[in-house]
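Numbering of the sequence shown is given in the working numbering, commencing with residue 35 and proceeding in unit increments.
Just so you know, even glycine gets a beta-carbon here, dropped at the ideal spot from N, CA and C.
Down below is the structure, laid out as structure tokens.
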Amino acid sequence: MSEENRELAVLISIAASGAEVEECERSLDELERLLNTAGAEAKARVIQVKEAFDPRTCIGKGKVAEVAELVASSGITLAVFDFELSPAQIRNLENDIDGVRVIDRSMLILDIFALHATSGEGKLQVELAQLRYSAPRLIGKGVELSRQGGGIGSRGPGESKLETDRRHLREKISSLEGRIKELEHNRAVMRAKRDRSGITKIGIVGYTNAGKSTLLNKITGSDVLSEDKLFATLDPTTRKAELPTGESVLFTDTVGFIRKLPHHLVKAFKSTLDEVVYSDILLIVSDVNDPEVPEHLKVTEEVIEELGAADKPKIYVYNKCDLSDAADISAADREDTVFISAKTGMGIDRLFELIKHELDRLKKAYKLLIPYDKQSLVSDMYNNFVVTNVEYADGGVLVEAVLDERGRGLYRSYIVE
């Protein structure tokens, strides 16, 4: 979309006190990047300092009049609120501000997901999230909104228009949930096959646009789409790679996290985000040049905890060091932190060392009794793990081997306490 044809928007937020205005500005900076990713341009910002939200419009009558005047004089057609709005509040705001569509942050994020969904599963997940969250908020003035060309906050994969009949919506949601469950089953089957292979899985996670896909490409030699945009990657991508030690591992690139990630989106993308849960090690990637890194890490840790993966071994990867002379690479000496450039390859060797260290920590020595009719398991252990001793005894083969968590799961029934 050309600069001339970009939709113009006003960004709106509320600060409980003057002290919170700076934090609001930082959040609006991110909202503006989201808006740019969606193909629009922020023409103005409005921050209302107000202790409590106005139940009718959130920002109050006076500020609504101010926004209406701004819209009338600047060609703005879209108002984006940096917090969640109720259907009634959207309706009231659109009635009070002529010629403007009103959406909230969550609806904008959902719209970007609709733009970037490429796989069948991704499109279904986005459509389900939109129906659960956005549909009631799009009913507004009773306008029939086209799913094609309806503007930011209303587009998405799937059928040509968003049903406004509540019964049809419920039926559609139920149908999508059923189809996604089938895909979840298929993904679980694929995951089980990977588990049986005995190969360690490493999840690449972190804030959106931190360079996760670029890192996956650098490590595995793949060509996953990598763009300087928020949420360029939606569908998880798994690639096999060989560490310098010769050990094979699986790296999975995942969808990026962000502030105020819509709950319905987390729920709809559960099968995708479960790749994080089933990883053995997590690489938490951040953009070292971003002043908001501490906040980004906090958001990432919160999402990981919400997914139930807080106990996973973690390596903190500070990326894009090639873009900054100020990067303190001395911190790479810590056992859980490394500074890299996924673009140039700087620090990748050190990253491999930390991964190897975590792999070693995951491994423990076990004694197993393998029945004689299961001899193929002994060969599997030789191929995938370190076997230190083998003895033939009554009832089977006594094997001493160093196993990681997956190995323990594979051979649990044969472990001798």
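Item: In this structure, what does DSSP give as the bridge partners for R40?; Value: Answer is none; R40 lacks a bridge partner.
Item: Mark G245 as exposed unless 16 or more other C-beta atoms lie within 10 angstroms of its C-beta, in which case mark it buried.; Value: buried
Item: So D509 is in the beta strand (DSSP E); what residue range does that whole segment cover?; Value: A question about residue 509 goes unanswered here, because the residues of the chain that appear run from 35 up to 451.
Item: Give me the Cα-Cα distance between R221 and D257, rounded to the nearest whole angstrom.; Value: 22 Å
Item: Locate the alpha helix (DSSP H) running through G443, then write down its first and last residues.; Value: 439-444
Item: Compute the Euclidean distance between the alpha carbons of D308 and K95, then round it to the nearest angstrom.; Value: 44 Å
Item: Can you give me the start and stop residues for the alpha helix (DSSP H) that E100 sits inside?; Value: 95-108
Item: Considering only heavy atoms of the ligand GTP, does any lie closer than 7 Å to the CB of L144?; Value: Among the ligands in the structure shown, none appear at all, so the ligand GTP cannot be discussed.
Item: Going by alpha carbons, who is nearest to S282 out of I236, Y241, T271?; Value: I236
Item: From V420, R40, H391, pick the residue whose C-alpha is nearest to that of Y400; which is it?; Value: V420
Item: Helix, strand or coil, according to DSSP, for N251 in the structure here?; Value: helix
Item: Distance check for G290 and L17, CA to CA, integer angstroms please.; Value: Limits of the chain in this structure are 35 at one end and 451 at the other, which puts residue 17 out of reach.
Item: Expressed to the nearest angstrom, what Euclidean distance is found between the alpha-carbon atoms of V300 and G430?; Value: 47 Å
Item: For the alpha helix (DSSP H) that R293 lies in, which residues bound it at each end?; Value: Note, R293: premise wrong, no alpha helix (DSSP H); not H, not E.
Item: So, with DSSP's three-state summary, where would you put R125?; Value: helix
Item: Which one or two residues does DSSP pair with G240 in a beta bridge?; Value: V319
Item: Taking all protein chains shown into account, do 16 or more other C-beta atoms lie within 10 angstroms of the C-beta of D407, making it buried, or fewer, making it exposed?; Value: exposed
Item: Which residues mark the beginning and the end of the alpha helix (DSSP H) in which Y167 is found?; Value: 154-167
Item: Using only the alpha-carbon positions, how far apart do G183 and V351 sit?; Value: Residue placement at G183 is flagged as unreliable, the pLDDT there being 47, under the threshold of 50; the coordinate-derived value follows with that caveat. For G183 and V351, the distance between alpha carbons rounds to 39 Å.
Item: For the alpha helix (DSSP H) that contains Y416, what are its first and last residues?; Value: 410-418
Item: My understanding is that L68 touches L119, with C-beta atoms under 8 Å, so please give their C-beta distance in whole angstroms.; Value: With a Cβ gap of about 16 Å, L68 and L119 do not count as contacting.
Item: Over the uninterrupted beta strand (DSSP E) stretch that includes K398, give me the two end residues.; Value: 398-404
Item: Give the secondary structure of D383 by DSSP, where H, G and I count as helix, E and B as strand, and everything else as coil.; Value: helix
Item: Mind checking whether T286 and S313 have CB atoms under 8 Å apart?; Value: yes
Item: How many Å lie between I108 and V134 at the Cα?; Value: One detail in the question is off: residue 108 reads as Ser in this sequence, not Ile. Distance between the alpha carbons of S108 and V134 is about 12 Å.
Item: Would you list the one or two residues that DSSP bridges to T234?; Value: V283
Item: Can you tell which of A86, I315, V160, K332 has the C-alpha that lies nearest to the C-alpha of A343?; Value: I315
Item: May I ask you to report which of helix, strand or coil DSSP gives S120?; Value: coil
Item: According to the neighbour-count rule (16 or more other Cβ atoms, all chains shown, within 10 Å of its Cβ), is P270 buried or exposed?; Value: buried
Item: Along the chain, where does the alpha helix (DSSP H) containing I146 start, and where does it finish?; Value: 139-150
Item: Could you tell me the boundaries of the alpha helix (DSSP H) in which V333 lies?; Value: 327-341
Item: Would DSSP call L112 helix, strand or coil?; Value: strand
Item: What residue from A72, P89, R40, D116 has the CA that sits closest to E57's CA?; Value: D116
Item: By the DSSP assignment, the alpha helix (DSSP H) with V134 in it spans what residues?; Value: V134 -> no alpha helix (DSSP H), and no H or E assigned at all.
Item: Relative to the alpha-carbon of A475, which residue among P347, S447, L403 has its alpha-carbon at the smallest distance?; Value: Nothing about residue 475 can be reported from this structure: the residues present for the chain run from 35 to 451 only.
Item: From I93 to I124, what distance separates their C-alpha atoms?; Value: 12 Å
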